[in-house]
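Below: the structure, in structure tokens.
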Amino acid sequence: MKTPILEMKHIRKTFASTVALGDVSFDVYPGEIRGLIGENGSGKSTISSIAAGMQKADSGEMLYHGKPWNPSSMIDALNHGIGMIVQESGTIQGISVAENLFLGETARFPGKLGTINKRAMVAKANEALRAIGVTSVTGDMNMGALDFQTRKLVEIAKVVMKDPEILVVDETTTALSQEGRQILYDLVKRLRDEGKAVLFISHDLDEIMEVCDTLTVLRDGAIIRHFTKDEFDPDAIRTSMIGRELKGDYYRSDYEPTHLDEVAVEARNIRLGSVLHDVDLTVYRGEIVGIGGLSHCGMHPLGKILFGALKPDHGEVVTGKGVRITNETVAMREAFGYVSKDRDVESLSLNASIRDNIAIAGMERYAVKNFLMLNGKEKAYVDKQIRDLSIKCADRDQQTSQLSGGNKQKVVFGKWIGRGSDVLILDCPTRGVDIGVKHAMYRLMIELKNEGKSIIMISEEMPELMGMCDRLLIMKDGRVMHEFMRSETLSDAEIIQYMI
Amino acid sequence: MKKIFAMLLALAMVFALVACSGGDNKAADDKPVKIGVLVADVSGEEALGFRAYYENYIAKNYGVTFTYTEQLADAAAEKSAIEKFAAQGYDAILSLSSADRATQIETAAANKLYYAVVSGMLDDAQFEQYKSNPYFVGQIGPSMQTEFDAGYAMGKHFADQGVKTVGIYGAFIPNPMHVYRTAGVLAGLGCTYGGASDKDGIAGQLFGDQGVDMSKVACGNVQVIGYFQGFGDTTFDELFGIVGQAPDAFLSVGMATTFFAEALNGAHISYADIDSFTSGNAANMKDGSLVYLAGKYSSSIGPIFAATLNAIKGNPVRDENGNALSLSQNYLVATDSAAFDSIFNGDKGDNPIFNKEALDKVIGKVSYSDFAALVASK
Amino acid sequence: MESSQIVKRYKTRQRIIDVLPFFALVLLFGLFCAVVQAKGYRLDMYLKIIFNEGIVLAVVATGAVFIYTLGSFDISLGASTLFSATLGVMTYNATQSLPLMILVIFGVAIGCSLLSSVLASVFHIPVFVTTVAMMSVLSAIAAQIITTRGGALGGISIPSEVVAPLDNMGFKIAVLAAFWLICFFVFNYTKIGRRQKFLGGNPVCAQLSGIRINTYAIIAFVMAGLGVGLGAFLTLVYTPSVTATTASSIGMNIIVAIVFGGMPISGGPRSRIYSALVGGFSYILLNNILKLIVDSGVGYGVSQIVAAVCFLAVVYVTGINYRSKELPR
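Residue numbers (the working numbering), protein chains in the order written: chain A, 1 to 500; chain B, 1 to 378; chain C, 1 to 329.
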């Protein structure tokens with residue numbers, strides 16, 4: 001029997017009168033990747049952030065290698081063996097990658113006359129990046145010039161460089177593309193093999209089953225069940241996560257590709273720099289078309305082009321009625337809706353209320369003469385969306401930033417569905433959303449399809465594309481490589497060969 | 001709910017504003033005299049000298065309260081300041097601020113406050129318009145003609161001395177006072193500006209050009225080697241550009257003793273300024289290279305106070321047609337340390353030129369000519 | 001599981017912050033009346049003065065709220081007030097027509113405002129950059145006109161009797177109320193205001209929600225132009241003259257007023273149309289209280305320092321909920 005690195009005993013944590021953790025105990029053993037899974041608010045992030053020094057427990061005891069563990073901060077915890085990669089971005093733009101990595105520790109690289117030896121610092125930074133398998137970034141690059149995913153990789157390097165005994169990975173993969181994820185998976189496996197421990201928090205059941213050795217399910221601030229690898233079963237895990245059986249199938253139950261005859265939208269010869277090359281796409285009414293591929297395959301810009309938010313160098317997007325989509329306003333007039341991959345920046349105004357976010361796109365639905373905003377009509381409009389989509393909120397005036405990821409996404413859906421969008425372009429619609437909400441969204445998509453609406457679903461998650469789409473287009477390097485029709489026999493392996 | 005609350009509140013405040021009409025606090029005739037002073041410049045040497053004279057000497061000798069405003073930015077601030085003095089039960093306004101004299105007079109009159117111009121003078125047409133207003137006490141100070149003459153005298157002084165090259169500092173053109181002084185300097189040096197050599201001809205063009213356009217300056221024996229104005233980032237570069245050419249004299253129409261004394265003394269360049277008789281300037285003249293100073297002395301604003309006090313006490317000084325006072329007051333000029341000191345020492349804090357003894361002669365029931373005689377005597 | 005308790009606490013705090021500007025205004029108003037009475041001054045006259053000092057600021061700032069809501073910034077409002085008043089005076093002096101003067105004032109004000117926003121959208125530069133340029137240009141042109149035409153007077157004016165009949169409380173209150181109600185309506189009950197607030201909160205999302213950014217920026221600048229025009233007209237009603245320094249302090253005071261009124265300078269969904277009115281008068285009251293209490297002999301600037309401290313305090317208080325808006329996870 002191994003001795004645990006970390007023992008957490010009877011941990012309690014409340015926020016005001018809300019119990020985030022009620023008497024949670026569990027141990028972390030060397031050489032394991034332990035998955036933590038649960039719906040938003042289940043306490044999985046709270047427990048791991050207490051271990052990593054981000055916040056303090058109200059009561060309970062933690063032992064690290066048998067000795068009391070009370071880190072004063074995340075840095076303190078990291079310096080003593082527990083490091084955490086957080087969901088939010090923790091890097092500073094405007095300074096170099098090396099300076100980010102050695103923030104507050106630049107004194108380690110003394111140069112002449114009290115300066116910093118930048119060359120030594122950059123060299124050390126390169127070393128740290130190579131160590132986690134990142135080769136595309138060097139220490140002298142400016143942080144601001146890197147994309148979101150690359151910044152995340154720098155953050156990972158920053159934590160791993162300290163050689164922690166326990167690494168906490170909190171929903172990090174949602175920010176990463178397939179390549180980035182692979183780097184992270186390789187890293188956590190290596191740490192495990194070195195006899196260290198990893199706490200892996202994710203919403204993605206498939207991922208967690210793939211990566212983790214053991215799995216702990218939390219719900220409402222309590223541990224529901226531990227699973228060992230041989231006990232992993234998606235249905236059992238889902239059931240323990242949400243505390244009830246999910247009614248109906250998770251994805252679509254039929255395997256027949258269906259659609260109406262009428263064309264909803266057609267993209268012809270779309271070209272965009274080196275990103276897209278002569279892409280053609282036809283979507284029919286009542287059809288769910290999936291577009292899959294690696295993060296940089298061009299599918300995300302294609303989504304924007306379909307909505308008129310990005311101008312292609314060549315080619316056009318035309319509705320079934322022959323209207324050219326030239327900008328967002330035209331797209332909206334033609335009843336298009338667009339759910340962006342970058343939800344918090346592109347799909348929501350976080351400081352605004354739920355009401356503002358839902359109401360903003362649907363004014364023509366309730367404004368008198370499309371101009372006058374009367375409170376009553378607007379409230380009714382918003383409340384209907386909140387009700388229909390079961391958005392969990394205090395009331396319609398609650399600030400959107402206070403909602404969980406899943407509920408935020410529901411607000412975005414409400415914004416577009418409320419105005420009766422006929423063509424929905426959904427870019428990673430289930431990203432960072434817990435399983436219950438995912439399920440609800442899949443149900444909704446099926447409902448919309450049955451109403452004759454068209455859905456273009458862009459995603460990096462193959463299972464959901466295979467599970468939901470009538471037709472699946474796989475893109476690579478800006479080109480559509482292959483088109484799969486819906487089929488029961490369609491497999492991951494078949495698809496992936498066109499992606500890579 | 002919040003919006004309704006907001007509107008109700010706004011309404012309530014508006015009603016309070018309209019309906020509120022407190023009691024009249026204006027005291028009886030024997031109350032101590034309170035005079036409000038409008039100021040646009042709060043830090044210049046001249047302004048500080050004036051203030052010290054009123055607040056220390058006059059206040060002590062006549063039992064009058066003087067209250068100075070903060071720096072007034074524009075006409076609205078002037079009007080508002082006068083109204084506040086009225087609300088505080090003041091008796092009169094003395095104005096050293098000139099954004100909108102007409103509105104000042106009208107506002108003072110509407111609030112039954114006596115009003116006098118302390119520094120500068122009204123434009124002729126304006127004076128005509130307001131001279132019969134019973135609340136307008138009048139004006140004693142340098143007229144635009146006097147300003148022009150002061151500049152002219154300065155220019156002529158150096159031309160007569162045979163200087164060959166000069167640099168000119170136009171201070172804060174388009175301030176009218178500085179425009180007329182600069183026009184005078186050019187005329188006094190024997191120069192024409194855009195072909196004009198008279199006061200209005202030159203000044204009119206300076207207003208239009210917002211400064212001196214060197215290409216329009218044509219001189220006889222004297223050469224103007226450089227000109228600049230204002231005060232900003234490039235001011236000292238401009239000054240040193242001129243100093244580098246070592247002119248025979250540097251003529252300033254104001255503020256040079258404040259801004260450039262050190263630089264000019266250090267470079268041993270003779271300079272002239274129109275400013276005031278202060279200790280700093282005494283030193284510049286004695287040990288530095290200040291060779292000509294035309295100035296007001298701090299107590300030169302004594303007579304207009306006397307006239308205002310008379311008006312408050314029911315003895316207004318009017319001319320035979322019942323019009324307000326209008327007397328021009330010239331600048332005093334010193335070209336050496338001895339002359340400077342005799343003026344400066346004669347106007348010290350406790351014993352100013354216009355001391356109590358002098359002013360008492362025109363306090364009470366006196367005539368217009370008594371005033372004219374007093375002003376002309378100093 | 002939502003942290004409903006925290007949400008409730010957040011909302012209570014938000015409500016307090018929302019009411020705070022009104023509370024401050026009432027408090028300052030009471031304090032002001034008390035100080036004036038205690039000093040034995042005429043309160044009726046003082047209230048009138050306060051109103052006159054505050055009305056131009058309140059009007060211009062109310063128009064400016066539309067710009068600030070977008071998260072944008074216009075530093076040239078003082079200069080355009082000066083410029084439109086200047087051209088108004090010239091128009092009157094040339095034509096002796098009051099209606100024409102008013103027309104020119106509004107036309108010029110809206111024109112200047114439009115020019116700023118159109119230039120910004122044509123050259124794709126932040127609009128506040130164009131307003132910085134506009135400020136220099138407009139004040140330079142106005143100063144040129146004023147000093148050239150004003151000559152020895154240092155300013156240009158219209159005969160005071162032209163506007164004197166309008167220089168009364170009734171007229172000004174009516175004008176203020178009418179303008180404010182129009183702005184209130186547009187801001188809260190039309191698509192325009194709602195979209196502008198959304199745009200200020202997140203322009204990227206707004207664009208992707210079908211809101212044309214340029215269109216709404218232009219509308220905001222037109223509304224601000226209306227405020228400037230009205231402000232310039234009211235300036236002339238109070239003092240029928242224009243000098244190079246007229247309205248020079250307005251640009252900065254607008255920011256102070258809006259902040260005192262409880263609106264974040266960054267604009268967005270928490271923008272409030274009443275901020276300018278409430279904050280403008282609060283600021284004027286505060287200034288006057290300080291001037292009454294602080295003896296001018298103590299030194300110039302003491303009251304400004306106190307006002308600055310109050311300003312920072314307000315920014316801190318209104319910012320509290322921004323800093324703690326995220327729920328602990």
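Idealized CB from N, CA, C, for every residue including glycine.
Tell me the rounded alpha-carbon separation between residue i and residue j.
i: B/G349; j: C/G54; result: 41 Å
i: B/A256; j: B/S98; result: 22 Å
i: C/A313; j: A/Y366; result: 41 Å
i: A/V480; j: A/E464; result: 19 Å
i: A/M499; j: A/F102; result: 37 Å
i: B/V291; j: B/I202; result: 26 Å
i: C/C310; j: C/K291; result: 15 Å
i: B/T278; j: B/F250; result: 20 Å
i: C/M45; j: B/K79; result: 13 Å
i: B/G23; j: C/R42; result: Unreliable placement is indicated for B/G23, whose pLDDT of 38 sits below 50; the coordinate value is still reported in the next sentence. If you take the alpha carbons of B/G23 and C/R42, they lie about 7 Å apart.
i: A/T174; j: A/I183; result: 14 Å
i: B/R181; j: B/M121; result: 14 Å
i: C/A58; j: B/T192; result: 50 Å
Against chain B, with Cβ distances strictly below 8 Å, would residue i count as a contact?
i: C/S275; result: no
i: C/I16; result: no
i: C/R13; result: no
i: C/A247; result: yes
i: C/N52; result: yes
Terminal residues of the continuous beta strand (DSSP E) containing residue i?
i: A/H482; result: R479 to M485
i: B/G226; result: Q223 to F228
i: C/I105; result: C/I105 -> not in any beta strand (DSSP E); alpha helix (DSSP H) instead, spanning L98 to F123.
i: A/M62; result: S59 to Y64
i: A/G337; result: F336 to V339
i: A/M457; result: S454 to S459
So, for residue i: in the same chain, excluding its five sequence neighbours on each side, which residues have a beta-carbon less than 6 Å away from its beta-carbon?
i: B/D91; result: V33, K34 and I312
Where do the N-terminal and C-terminal ends of the alpha helix (DSSP H) with residue i fall, by residue?
i: C/T86; result: L77 to T95
i: B/D336; result: It is not in any alpha helix (DSSP H) - B/D336 carries neither H nor E in the DSSP assignment.
i: A/E155; result: F148 to V160
i: B/M154; result: M144 to D160
i: C/S157; result: No alpha helix (DSSP H) holds C/S157; the beta strand (DSSP E) holding it covers G155 to S157.
With a threshold of 8 Å between beta-carbons, can residue i be considered close to chain A, or not?
i: C/P269; result: yes
i: C/S209; result: yes
i: C/K191; result: yes
Within 8 Å (strictly less), CB to CB, does residue i reach chain C?
i: A/L424; result: no
i: B/T308; result: no
i: B/Q245; result: no
i: A/D204; result: no
i: A/E287; result: no
i: B/A384; result: Since the first and last residues shown for chain B are 1 and 378, residue 384 of chain B lies out of range.
i: B/D233; result: no
My guess is that residue i and residue j are in contact by the Cβ rule of under 8 Å, so how many angstroms apart are they, rounded?
i: C/V381; j: C/L77; result: No statement about residue 381 of chain C is possible, as the shown extent of chain C runs from 1 to 329 and does not include it.
i: B/I363; j: B/N310; result: 6 Å
i: C/G227; j: C/G63; result: 2 Å
i: A/A359; j: A/Y338; result: Between A/Y338 and A/A359 the Cβ distance is about 17 Å, and since that is not below 8 Å, they are no contact.
i: A/Y284; j: A/V263; result: 6 Å
Within a Cβ cutoff of 7 Å, which residues of the same chain sit near residue i, ignoring the five residues on either side of it in sequence?
i: A/S487; result: Y255
i: C/G150; result: I156
By Cβ distance below 8 Å, which residues in the same chain neighbour residue i in space, the five residues on each side in sequence not counted?
i: A/S274; result: G478
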